[in-house]
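Engineer: Residues in the sequence shown are numbered consecutively from 8, following the working numbering.
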Amino acid sequence: MLISLNSVDKVKSFVNKISKFDEEIDLVSGRYVVDAKSLLGIFSLDLSKPIELETKGITKSKELEDMLKDYCI
Numbered sequence: 008m009l010i011s012l013n014s015v016d017k018v019k020s021f022v023n024k025i026s027k028f029d030e031e032i033d034l035v036s037g038r039y040v041v042d043a044k045s046l047l048g049i050f051s052l053d054l055s056k057p058i059e060l061e062t063k064g065i066t067k068s069k070e071l072e073d074m075l076k077d078y079c080i
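1) For Ser14, tell me which candidate among Lys69, Asp42, Glu59 and Asp53 has the shortest Cα-Cα distance.
2) Tell whether a beta-carbon distance below 8 Å holds between Ser1 and Ile80.
3) Given this structure, state the Cα-to-Cα distance separating Arg38 from Glu59, to the nearest angstrom.
4) Give the range of the beta strand (DSSP E) segment to which Glu59 is assigned.
5) Grab the span of the alpha helix (DSSP H) containing Ile25 for me, first residue to last.
6) Please look up how many angstroms separate the CB atoms of Val35 and Ser51, rounded, as I've assumed it's under 8 Å.
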């Protein structure tokens, strides 16, 4: 799933929402992979471009999709 985190407020709200999940969730930008629950990790990415969200252990969670609808491209 591709998402956009093009402002500081979006990053903060994204991390707050995604932190509610116990499963491992990563963000991938080029060859960089960071923990989606890490503010510092996210700010190390190029936020001007779409970022790929990868989930491990979550199979098409409706709750996750609803939570991320504001960030999807």
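For each residue, glycine too, the CB sits at the ideal point set by N, CA and C.
Structural biologist: Looking at the coordinates:
1) Asp53
2) There is no way to answer for residue 1, as the model of the chain reaches only from 8 to 80.
3) 11 Å
4) Ile58 to Lys63
5) Val15 to Ile25
6) Rounded, the Cβ-Cβ distance is 13 Å, inconsistent with contact.
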